[in-house]
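Undergrad:
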Amino acid sequence: MRIAWEEPFGPVFPVIRISYIEEGIHHCNASNFGVQGCVFTKDLNKAILISNAMETGTVQINSILARGPDHFSFQARGIGSQGVTNSINMMTKVKTTVINSPTPSYTMG
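Residue numbers (full-length UniProt numbering): 1 to 109.
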């Protein structure tokens with residue numbers, strides 16, 4: 001699916017069905033852009049392991065792609081990020097992982 005590896009600048013969301021996790025990670029990392037990705041699963045531990053293997057600036061877990069502020073990208077798009085850039089960000093790769101849980105996994109109070 002050629003469109004999955006191009007930058008269409010339009011409302012396009014390629015969905016690729018996979019048979020095993022490693023295949024999905026391979027497809028994700030085959031992109032030259034690495035801006036955002038999504039993982040859908042009930043197993044949050046597995047989702048975090050997959051997120052760590054994905055070469056993307058942001059990973060949404062159990063949710064669709066969301067727009068900034070976020071950190072772009074891990075591949076050909078460069079190392080820029082939205083907002084104020086400081087020296088730590090210039091020397092590191094920041095990765096955002098968003099876990100969308102139906103119930104809070106913590107309590108305040």
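Using N, Cα and C, we set each Cβ at its ideal position, and we do this for glycine too.
1. Distance, Cα to Cα, Gln36 vs Thr56?
2. Tell me whether Phe72 is buried or exposed, calling it buried when 16 or more other Cβ atoms sit within 10 Å of its Cβ.
3. By the 10 Å Cβ neighbour count, where 16 or more other Cβ atoms means buried, how is Ile18 classified, buried or exposed?
4. Sort Asn29, Ser101, Asn32 by Cα distance to Ile61 and report the nearest one.
5. Pick from Ile48, Val98, Ser31: whose alpha carbon is nearest that of Arg2?
6. Taking the CB atoms as reference points, tell me whether Thr92 and Ser51 lie closer together than 8 Å.
7. Report the rounded CA-to-CA distance for Ala47 versus Ile16, giving the unit in angstroms.
8. Under three-state DSSP, which class holds Asp70?
9. Relative to the C-alpha of Ile21, which candidate in Trp5, Ile99, Asp43, Phe13 has its C-alpha closest?
10. In the DSSP assignment, find the beta strand (DSSP E) that holds Gly57 and state where it starts and stops.
TA: According to the structure data:
1. Between Gln36 and Thr56, the alpha-carbon positions lie close to 5 Å from each other.
2. With a pLDDT of only 49 at Phe72, under 50, the local geometry of the prediction cannot be trusted, and no value is derived from it.
3. So Ile18 ends up on the exposed side.
4. Taking only the C-alpha atoms, the option nearest Ile61 is Ser101.
5. Residue Ser31 is the option with its Cα nearest to Arg2.
6. For Thr92 and Ser51, no; Cβs fall outside 8 Å.
7. Approximately 17 Å, taken between the alpha carbons.
8. Annotation note: pLDDT 48 at Asp70 (below 50); position unreliable, coordinate value reported separately. It is coil, neither helix nor strand.
9. Ranking Trp5, Ile99, Asp43, Phe13 by Cα distance to Ile21 puts Asp43 first.
10. No beta strand (DSSP E) holds Gly57; DSSP gives it neither H nor E.
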